[in-house]
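Numbering (full-length UniProt numbering), first residue to last: 1 to 173.
Even glycine gets a Cβ: it sits at the ideal position worked out from N, Cα and C.
No experiment lies behind these values; they were computed from the predicted model shown.
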Amino acid sequence: MKWRSITMVIAGLAVLTSAVLSINPGTPAAEAGASDERQTERRTRAFVTALEAKDQAAVVAMLDRNVELTVALSFSGEPEPAGRFAGETEVLGYLTGVFTNMAAIAFVDERVSVTSDGRTSFLQATGDFTTADGRPYRNVYVFRLDWHEGRLVRIEEYGNPITYCQTFGDPDC
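Rendered as structure tokens:
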């Protein structure tokens, strides 16, 4: 009977541990047994969640201090990118601008793909945003996210520049 009680306690702890890790999959303990691809998918989804919540602290926690962000498609149709940001301060400045210009950020129809080594992920999604002045902003996105030791080292953002120009009327359009 004593062994049966101990076995029941161990089984209960295993179920509880599994439940806790599934609730908070970003913990190191949860990632210890996960494949590189799975860890990167979780990090990618956590990054999207942080963007949608406009959670600057969560975003900063995911960025390497030497991170680079490129807005790849220009507003003019020229081959050079619309923007390049180098280092945590510049990248965070860009993202803070996005947070300020958008009252609501939501990505829908998300598809995450991860390379077999887990170093790069791709997010395809439709943006269902609302601008700070209440207008709908619906763009399509592809993000390439390069990871090193659990942090973002490079972000490439691809969005339709025509949609951006029609909504914001940027002088560079």
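Selection Asn101, Ala58, Val140 and Asn160 evaluated against Asp133 yields Asn101 as nearest (Cα-Cα).
Between Arg154 and Glu68 the beta-carbon gap is near 5 Å, inside 8 Å, which marks them as a contact. The alpha-carbon of Met62 is positioned some 32 Å away from that of Ser76.
For Leu123, no alpha helix (DSSP H) encloses it; the enclosing beta strand (DSSP E) starts and ends at Thr120 to Gly127. Rounded to the nearest whole angstrom, the C-alpha separation of Phe143 and Gly87 is 18 Å.
Boundaries of the beta strand (DSSP E) harbouring Asp64: Leu63 to Val71, taken from the DSSP string. The beta carbon of Tyr141 lies closer than 8 Å to those of Phe107, Leu123, Gln124, Ala125, Thr126, Gly127, Glu157, Tyr158 and Gly159 in the same chain, with the five residues before and after it left out. By the C-beta density criterion, Gln39 is buried, having at least 16 other C-beta atoms within 10 angstroms. Rounded to whole angstroms, the gap between the alpha carbons of Thr96 and His148 is 23 Å.
Among the bridge pairs identified by DSSP, Val140 is matched with Thr126. For a cut-off of 8 Å, the C-beta gap from Thr44 to Leu145 is around 6 Å, short enough to register as a contact. Ile155: member of the beta strand (DSSP E) spanning Arg151 to Gly159, first to last residue.
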